[in-house]
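Notes for the one structure printed next.
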Amino acid sequence: MAEKIVYKKPDSLTDKIFSYCWGCGHSTVHKIIAELIDELGMREKTIAVAPVGCAVFAYDFWNFDTTEAAHGRAPVVATAIKRVHPGHLVFSYQGDGDLASIGMAEIIHTANRGENLTIIFINNTNYGMTGGQMAPTTLIGQKTTTSPAGRNIKQNGYPIKMSEMLAQFESVKYVERVKVTNAASVIKAKKAIKKGFLNQLNGTGFSFIEVLSACPANWRMEPLAAKAHIDGVISKYYPVGLIKDIK
Amino acid sequence: MAEKIVYKKPDSLTDKIFSYCWGCGHSTVHKIIAELIDELGMREKTIAVAPVGCAVFAYDFWNFDTTEAAHGRAPVVATAIKRVHPGHLVFSYQGDGDLASIGMAEIIHTANRGENLTIIFINNTNYGMTGGQMAPTTLIGQKTTTSPAGRNIKQNGYPIKMSEMLAQFESVKYVERVKVTNAASVIKAKKAIKKGFLNQLNGTGFSFIEVLSACPANWRMEPLAAKAHIDGVISKYYPVGLIKDIK
Amino acid sequence: MKKGRIRIDEERCKGCLLCVEECPKNEIKKGGKINRFGYTFAEFCDNGSCNACTLCAIVCPDCAIEVIEITEDEKK
Amino acid sequence: MKKGRIRIDEERCKGCLLCVEECPKNEIKKGGKINRFGYTFAEFCDNGSCNACTLCAIVCPDCAIEVIEITEDEKK
Amino acid sequence: MIEKIIIAGSGGQGVLTLGMYLAQIASFEGKNAAWLPAYGAEKRGGPSFCSLIISDREIFSPVVETPDTLIVFDQRALDNYAGKAGPGTLVIENSSLILEDRVKGANKLLIPAGEIAGKLDEIRVANIVLAGAYAAAKKIFNTENAAGVMKEMLGKKAVKMMEKNLAAFREGFAFASKPAERI
Amino acid sequence: MIEKIIIAGSGGQGVLTLGMYLAQIASFEGKNAAWLPAYGAEKRGGPSFCSLIISDREIFSPVVETPDTLIVFDQRALDNYAGKAGPGTLVIENSSLILEDRVKGANKLLIPAGEIAGKLDEIRVANIVLAGAYAAAKKIFNTENAAGVMKEMLGKKAVKMMEKNLAAFREGFAFASKPAERI
Amino acid sequence: MTTGKQLIKGNTAIVEAALDAGCRFYAGYPITPQNEIPETMSWRMPEEGGTFIQAESELISINMVFGASAAGARAMTTSSSPGISLMQEGISYMAGCELPAVLVNVMRGGPGLGNIAPSQSDYFQAVKPGHGDFHIITLAPHNISEMYDYTFDAFDLADKYRIPVMILADGLLGQLMENVELDRSRKPALLNAPKPWALTGASGRKGQRIVSLLMQPGALEKHNMDLNEKYNLIKKNETRHELAGMEKNPEYLIAAFGTCARISKGTMNIAADAGIKTGLFRPITLWPFPYEALKEAAKKVKKVFVFEMNLGQMVEDVRLAVGDDSKIEFYGRPGGGVPTAEELFEFIRGKVK
Amino acid sequence: MTTGKQLIKGNTAIVEAALDAGCRFYAGYPITPQNEIPETMSWRMPEEGGTFIQAESELISINMVFGASAAGARAMTTSSSPGISLMQEGISYMAGCELPAVLVNVMRGGPGLGNIAPSQSDYFQAVKPGHGDFHIITLAPHNISEMYDYTFDAFDLADKYRIPVMILADGLLGQLMENVELDRSRKPALLNAPKPWALTGASGRKGQRIVSLLMQPGALEKHNMDLNEKYNLIKKNETRHELAGMEKNPEYLIAAFGTCARISKGTMNIAADAGIKTGLFRPITLWPFPYEALKEAAKKVKKVFVFEMNLGQMVEDVRLAVGDDSKIEFYGRPGGGVPTAEELFEFIRGKVK
Ligand SMILES: Cc1ncc(C[n+]2csc(CCOP(=O)(O)OP(=O)(O)O)c2C)c(N)n1
Ligand SMILES: Cc1ncc(C[n+]2csc(CCOP(=O)(O)OP(=O)(O)O)c2C)c(N)n1
Ligand code: SF4
Ligand code: SF4
Ligand code: SF4
Ligand code: SF4
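Chains as they are written, first to last, in this note's numbering: chain F, 1 to 247; chain Y, 248 to 494; chain V, 495 to 570; chain W, 571 to 646; chain A, 647 to 829; chain B, 830 to 1012; chain Z, 1013 to 1365; chain C, 1366 to 1718.
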């Protein structure tokens, strides 16, 4: 009888236990990114840009080079890094407050310039780190600490669909929205991110992967309820699937 | 024999001669805005927000209340003014450097919030005031002082079509692109801006009018050549016409 | 047919010539004099064909043109 | 049919139970003990039906599950 | 008098509420109170912490370095804060979530607040059980006032929750009043 | 020696180039030169201005308050800068674009630089006509050097433009050398 | 309740003070340790009939406040250190345009993202903000009553001088709850004072403007001179400080502001018990800094101890006031370190024996 | 040409210095009076094989420079006053992360949009930037040679100490053309020095990070202390100034930087002609400010005249150095006013008779 380990923590993760809450989508996405970096053999040629948000701690967990960026500015930090090291795999990893609120100008101009980068966008419909405030992605009617009566179209407008918006730009080559609620969706998410990385490595250009991600802490839900909330509610407004793919 | 003045300078203009260059589109748009404010009888209830750009001097010419705004921030300054004076006619007037470059986040969030405002966007495909540098709207191949070899897709991406982009937002009610090259187009432009103002006055919501506008000085063209350049070249990439109209 | 004439404000006119191009009656031309800003301002030809259509004034960026409609007191 | 088992890292597991929901063989359950972070971690049932499909490990956000495939040396 | 308290546990256990509750009682009784939370980067399940100073004089420095009382809700809190306990510190531990006691010395009160709350069918009142225990151990409050303040704090929720909270307080108080339980 | 010059006109007339040209000659002749443009908000047709100091000592303050020479290209420039002329200032005016002379006093050179350039079929060299006039009036340069520097500055354009520029310089120089023309 | 005291958090006190002062426009972006301000404003402001906007960035916050103020409203924004850095251009514009508003900085550790612990390391940026020659009034509360009172007063001050006023607090004051008795019966003195400069529509008059751009030769220089006169007036009228313990003729003076000042009060007691008499000089307005008062107080003592939660910022103003560096002893804790009263006392003891 | 001198504009000198120093990444946004820098960079940088990006805002500029520096490149951005205000957060992050870079501020009149005339009114913001306890090195050129030399040196300084270095110029120095002889044969000393901290891919090692966030208790405080040690080292090694005219034992000292210093040199000549002997103290590093040298120089004179193109900013540092306010006389022109040498002399004469 022989034993073979068929699934284990990837080398591109450190041993540090994720500091994220139970059931937090950041953990899952951190993990699949690390697995992909392993699979692509890029650990020694990857430079990641962490956001300001719960994932600011990403550099505690990823065992490859990572830099901080001021809140919202990760895409332009990544742009400069990529221009300095065009042969490296460079990606930014950003929450929805970071990317869709304060960082709106940065992501748009980066997309429009068509930088050869991969952007991983974690949409959990609120500001996790600061305690669950409303984000531009917060659903209509969703109660948060700054929309205690629920997000209201008249005051706050509609939730922004970053993927659909960025897909309009001619320089944007690949956009897909995924989720990480069960094994099947995690596998799809990983495939999408892999495509985003490969696009960069083969010079195709700007790729954007949006991940619908649970924030059980601020949604005040247990992880299984949070998962169900994504499957049943959030992905109704933000449909998962391929949005743009140009060779 | 009786004489009747059938066209004269509107009351909403001061006597000061426009400081803009000969054939500059800003002059034309300033004029038709002032005519409209007269026609709507709103001179005493209008508050305009000037940009940083050649039109920073708008307040020298408009005889109604006007404020400066930091470069790119006019839409949020206008938002606050409108929220404080919901019964007034409030508009921002911005160049393409101001609105589409440094002010990208501000215009998008304002549009997405669906503020009940009118935005007049002067697209002259370059930074007029500072000496004709490349703007996000600069055409492919266009030579400017910071793209001496012509705008290049690989380095700078495609020219951004602000109107088409903003029209994607559900909260945006009216978007039209116009030009001011001859009397017929000036009349159309005036109609579009009027609609934008009326939309605001009757509470329809966010309206955005893009004006293709000549910058003879930085294009290094005589005014008639600049006019022809808009008709023959610029409006090919930026087609004039109605883009969105929702009641 | 309406009759008209225009007044060009020599100080405001910058000589861009958009009105010259616009006028269906060729009633405006590039002038020969410069104003104190150094611009060669436009001049009304006054050939009697102006019909106060206002197109020149509409296209004039600098609000330099005033259009006057002349009505005969008694129609013939 | 493949055979397998899993190892749950009690320190890493936060008891979110995504693996419990995922496992087609009901081989994982909510445990009865807490770890030093106060989380009630998941437990492998070891009912013999685990086939090393790795679905639990794939869905586990916290990289707490290692999956081991057991191959019989000689096939029957 | 001056009483410095540190309360530590995890998010969701009512750590901050316990601190505020004690502060309210003190305030009601005419004392000064200064309550300070730690506001960490991690949310639910992450560490939760507050400090409280009660004094009849002005409170200048609201930061508690060496507490007179340390209340810990679980093992991680104990691991993190045991070091803060000085020789004179009373340590109150929610023994329901303590795996391994680390506090040396005599001044210690172990109370299974979680189990007591569980018996009341409302695990969320474990913090009030600890409040009762604290009141019994330190005797700086009038228990009547504790009840009045509780009602005030619960506000509209008092109708539904007052009884369980009151019971929790009493159970905690009773438990801590039995000298035998104190180690 | 120190020579302070103000040159004023409108965008497109070559005001700044004239200043730079004189600075280059000075530099070539081993003097110090400090050239400073005004960089206004308005472009073509708007006012254009630069100042230039030439000295054989170090130039500390590059701002010219009272010029030794004032060169004006048009009426607006004259309107704006006539006030800067002191009793000792030589005023060189491009009379082609002057409607109404405002400068009182004797030290004045009116030269129809526009017309002269027009006759050379190249209105753009009016500024070089003025350079020639300046050289003749002030005699601080060796005219040979003026030609050499011109060639250098024109660079690749020298092939096409050198002749006209040289002619413009000469015409200006000749005009200003006729004593009768100076008022 | 037997006392009129109420347990209130510093951040909440700021919200209530603003509303009581007639603030009806708030725009803010989340950042720890001041999140309770936008969170509370999100429901309290609508209750009072005002506008709450969760701005999408601090740039948007400050420029919305610019607009609301230009339109004549009492307006406020709040943030913490990195967010305040992002507002520097906007603050300079407001100063140039002479627009009143209240800005709150609940400071945290820096530089960069730093941490979220209480800090006083933005003193420099608060008293010397932005580009250009300008000042804003900066008030430094040291307890929760003052978080309320100074915020309340700030709105009148801002309107009186057409100037932005900053409340410089820190994470400790923002997060601290104290039981305090707030005087909420005060009415803001200038709430209904006319603002003829505000943009309300050119009704019966010519259009008017709010501008900081002054391109005519000499115009900006004159504007700066006018601003400077205003600043001199503010220096004369509004400079505030607290001087404590001087009745006992102390040999030593402590100079500290905000949280460090309250801790220093504890230190004074400890020192008194140890037989060392100290006084406390607490600047309340950091700009205008109470140079004269400090100079006078310093004359009476042998040494001035300067305590800050940073590596030495206010100490420069203390040195300018005292004029004799040999008298000054500085102790600071950067990066979110909060000193204890005992620790400060040990420092004093080490220097006086 | 008979001299090796070349007529070059201040803004252009900065571009050439950066390229000669091995700068291969430039991001910038247009703003007067420094537009020649991005304009020239747009073709010169590609010629040298580097990256030119016209950033879409100053926030983008500074954060691109952050990224390029983190990746190990020599990087620069340039702007003028309002744009520099927008960079305050980014500068603080760079200081926190200890990233080298060169920043140029070609100052104009403020506050707000102000005007585009030369000014020195951002001294405060240059020497006390951003939020948090940090410093950047600030160099103040006073002629076109120095625009080149200081920019060139700035890159080595930045790398040597892992710190942002600012060139504080103004519209006059940016726009001025002088004929100067540049020494372009120098090689940047540290261009090829290893940067083991830079992110170049974790080749043969663990992943490493660039961060300013330090949440562990005490970690940020320690980081601040470490930074402070570095700052002390810089103070010791890099403080620079020019002292002129002291050989004649002047009775008066002029203290001025940048443009005001060069004009003051003219004033010295005028004064000498009038029989008033003056010396000049010109700080070259504004941070670290040459306090000691100024203190020594000031001891030898009766009065110190401080001249600035603002309403009094550097004068605070002069007062800190001199320690005796009665010795100091300040004259400043705000809002883009440029004093003449004669004007400054009149001021001196008014004070000395
Ligand atoms: C300039 C600035 N503004 C605000 C903050 C505070 N802040 C930290 S994280 C965050 C939002 C994070 O939300 P999101 O990007 O959605 O990420 P999540 O935490 O949900 O993963 C904010 C506002 C900051 N650090 N810097
Ligand atoms: C923060 C800031 N950055 C840069 C500038 C300089 N600036 C003034 S106007 C302008 C661009 C104007 O271009 P555009 O908006 O297209 O208007 P136009 O002049 O063409 O009408 C710039 C970059 C500034 N004033 N403030
Ligand atoms: S707060 Fe939300 S996003 Fe942040 S770690 Fe917790 S669950 Fe994840
Ligand atoms: S530079 Fe261009 S936009 Fe500006 S006034 Fe002149 S023509 Fe108009
Ligand atoms: S009014 Fe019409 S016809 Fe008359 S001059 Fe103008 S364009 Fe010509
Ligand atoms: S999915 Fe992972 S973290 Fe969640 S319960 Fe299972 S093993 Fe534990």
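Glycine included, each C-beta is placed from N, C-alpha and C at the ideal position.
Closest residue to residue i among the options (Cα-Cα distance)
{"i": "Z/Glu1366", "options": "Z/Ala1286, Z/Phe1319, Z/Val1318 and Z/Gly1335", "result": "The structure shown has nothing for residue 1366 of chain Z, since chain Z only spans 1013 to 1365."}
{"i": "C/Met1410", "options": "C/Arg1439, C/Pro1648 and C/Gly1536", "result": "C/Arg1439"}
{"i": "Z/Ala1166", "options": "Z/Glu1354, Z/Leu1203, Z/Glu1070 and Z/Asn1244", "result": "Z/Leu1203"}
{"i": "F/Glu106", "options": "F/Asn116, F/Lys31, F/Thr125 and F/Ala78", "result": "F/Ala78"}
{"i": "Z/Cys1272", "options": "Z/Gly1084, Z/Tyr1173, Z/Gly1040 and Z/Pro1153", "result": "Z/Pro1153"}
{"i": "Z/Asn1076", "options": "Z/Tyr1041, Z/Ser1097, Z/Leu1292 and Z/Gly1348", "result": "Here residue 1076 of chain Z turns out to be Met, not Asn, going by the sequence shown. Of Z/Tyr1041, Z/Ser1097, Z/Leu1292 and Z/Gly1348, the residue nearest in Cα terms is Z/Tyr1041."}
Between the CA atoms of residue j and residue i - distance to the nearest angstrom
{"i": "C/Val1492", "j": "B/Met982", "result": "41 Å"}
{"i": "Z/Leu1188", "j": "A/Tyr667", "result": "15 Å"}
{"i": "Y/Val487", "j": "F/Gly72", "result": "34 Å"}
{"i": "Z/Thr1063", "j": "Z/Ala1170", "result": "19 Å"}
{"i": "Y/Lys390", "j": "Y/Asn465", "result": "10 Å"}
Residue i - DSSP class collapsed to helix/strand/coil
{"i": "A/Ser656", "result": "strand"}
{"i": "Y/Leu260", "result": "strand"}
{"i": "C/Asp1535", "result": "strand"}
{"i": "F/Ile140", "result": "coil"}
{"i": "F/Val29", "result": "helix"}
{"i": "F/Ala70", "result": "coil"}
{"i": "Y/Cys301", "result": "helix"}
Heavy atom of ligand 4 within 6 Å of residue i beta-carbon
{"i": "C/Pro1411", "result": "no"}
{"i": "B/Gly840", "result": "no"}
{"i": "V/Cys554", "result": "no"}
{"i": "Y/His476", "result": "no"}
Contact test: residue i Cβ vs ligand 3 heavy atom, cutoff 6 Å
{"i": "F/Gly128", "result": "yes"}
{"i": "F/Asn123", "result": "no"}
Residue i Cβ short of 6 Å to ligand 2 heavy atom set
{"i": "Y/Val299", "result": "yes"}
beta-carbon residue i near ligand 6 non-hydrogen atom, thresh 6 Å
{"i": "W/Gly574", "result": "no"}
{"i": "W/Cys589", "result": "yes"}
Item to check | Unbroken stretches of the alpha helix (DSSP H), 4 residues or longer, contained in the segment 1079-1141 of chain Z | outcome: The qualifying runs are 1093-1098, 1100-1109 and 1135-1139.
Item to check | Unbroken stretches of the alpha helix (DSSP H), 4 residues or longer, contained in the segment 589-642 of chain W | outcome: Those alpha helix (DSSP H) runs which fall completely within the segment 589-642 of chain W and span 4+ residues are 625-629.
Checklist entry - If you scan the segment 372-434 of chain Y from start to end, which runs of the beta strand (DSSP E) of 3 or more residues do you find wholly inside it? => result Along the segment 372-434 of chain Y, the beta strand (DSSP E) occurs as fully enclosed runs of 3 or more residues at 419-426, listed in sequence order.
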